[in-house]
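K.L.:
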Amino acid sequence: MEEDIYVQIDSRDGSEPEGSWFEAVARHTLAAEGVSLPYEVSVIVTDEASVHELNRTYRNVDAPTDVIAFYTQPPAGATQEFVLPQNGVRYLGDIVISYPQAVEQALEAGHSVKRELTLLVIHGLLHLLEYDHEEPGDAVRMRGREASLLEEFRGRHYD
82 MEEDIYVQID SRDGSEPEGS WFEAVARHTL AAEGVSLPYE VSVIVTDEAS VHELNRTYRN
142 VDAPTDVIAF YTQPPAGATQ EFVLPQNGVR YLGDIVISYP QAVEQALEAG HSVKRELTLL
202 VIHGLLHLLE YDHEEPGDAV RMRGREASLL EEFRGRHYD
């Protein structure tokens, strides 16, 4: 086992990309970021209410959002030991995307839903890889990397 990218699509209206498309975005992003095999990551596409509840429960923010990332690796510099599975597979975490929010944001931005979903998968994965956007300098770094990865992926898989 070298890579496992699990995709679960709970929000289906017939317009969502197939699971293999989400896998391709994740695979591209992780390779571009130099993540070595073996690894596992989950991408969950669901409804707005579910993501809102996760945001309320785990971030204490009572509002809808587009993507939430739950990482399982300790942050850089953490002093607490983190137990890895004996098989040595690095479990990066879970990304949860609100499909209705992605559709709405795509309409507002005037681009395709696939482009918006690409950005949300990239954004979530970068959070799992310790990128952040809370501080202005970190936001510039993260947004720049998102734009670069989005452009690299563009043209081959959407629009």
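Here the working numbering runs 81 ahead of the position in the sequence shown, where the first position is 1.
C-beta atoms are modelled at their ideal positions from N, C-alpha and C, and glycine is treated no differently.
Computed from a predicted model, the values in this text were never measured in an experiment.
I'd like to know if Leu209 contacts chain B, where contact means its C-beta is closer than 7 Å to some C-beta of that chain.
P.N.:
No chain B is present in this structure, which holds just one protein chain.
K.L.:
Just mark Val142 as buried or exposed, buried being the case when its beta carbon has 16 or more other beta carbons within 10 Å.
P.N.:
Exposed, by the Cβ-count rule.
K.L.:
Tell me which same chain residues have a C-beta within less than 7 Å of the C-beta of Phe234, skipping the five on either side of it?
P.N.:
Once the five neighbours on either side are set aside, the close Cβ partners of Phe234 are Val106, His109 and Thr199.
K.L.:
Leaving out the 5 sequence neighbours to the left and right, which residues in its chain are closer than 7 Å to Glu227 when beta-carbon positions are compared?
P.N.:
Leu200, Ile203, His204 and Leu207
K.L.:
Could you tell me whether the Cβ atoms of Pro145 and Glu134 are closer together than 7 Å?
P.N.:
no
K.L.:
Along the beta strand (DSSP E) that carries Val126, what are the first and last residues, could you check?
P.N.:
Tyr120 to Thr127
K.L.:
Excluding the 5 residues flanking Glu83 on each side, which residues of the same chain have their C-beta closer than 7 Å to its C-beta?
P.N.:
Leu118 and Pro119
K.L.:
Count the C-beta pairs between the region 179 to 199 and the region 91 to 104 that are closer than 8 Å, then say yes if the count reaches three, no if not.
P.N.:
yes
K.L.:
In chain order, what residues of the same chain lie with their CB nearer than 8 Å to the CB of Asp91, ignoring the 5 residues before and after it?
P.N.:
Ile125, Val126, Thr127, Asp128 and Ser131
K.L.:
Based on Cα-Cα distance, which residue from Ser179, Ala150 and Arg224 lies nearest to Val122?
P.N.:
Ala150
K.L.:
Starting from Gly174 and walking both ways along the beta strand (DSSP E), at which residues does that stretch end?
P.N.:
It spans Arg171 to Ser179 - the beta strand (DSSP E) in which Gly174 sits, taken as one unbroken run.
K.L.:
Under three-state DSSP, which class holds Asp219?
P.N.:
helix
K.L.:
What are the residues that DSSP puts in a beta bridge with Gln89?
P.N.:
Ile125
K.L.:
By Cβ distance below 8 Å, which residues in the same chain neighbour Gly169 in space, the five residues on each side in sequence not counted?
P.N.:
Pro119
K.L.:
Can you give the Cα-Cα distance for Ala248 and Leu230, rounded to whole angstroms?
P.N.:
For the chain, the structure presents residues 82 to 240; residue 248 sits outside this window and is missing.
K.L.:
What distance in whole Å lies between the Cβ atoms of Ile178 and Asp147, which are believed to be in contact at a cut-off of 8 Å?
P.N.:
Asp147 to Ile178, Cβ: 7 Å. Contact.
K.L.:
On the CB-based measure, 16 or more other CB atoms within 10 Å of its CB, does Tyr221 come out buried or exposed?
P.N.:
Reading off the sequence, residue 221 comes out as Val, not Tyr. Flag for Val221 reads exposed.
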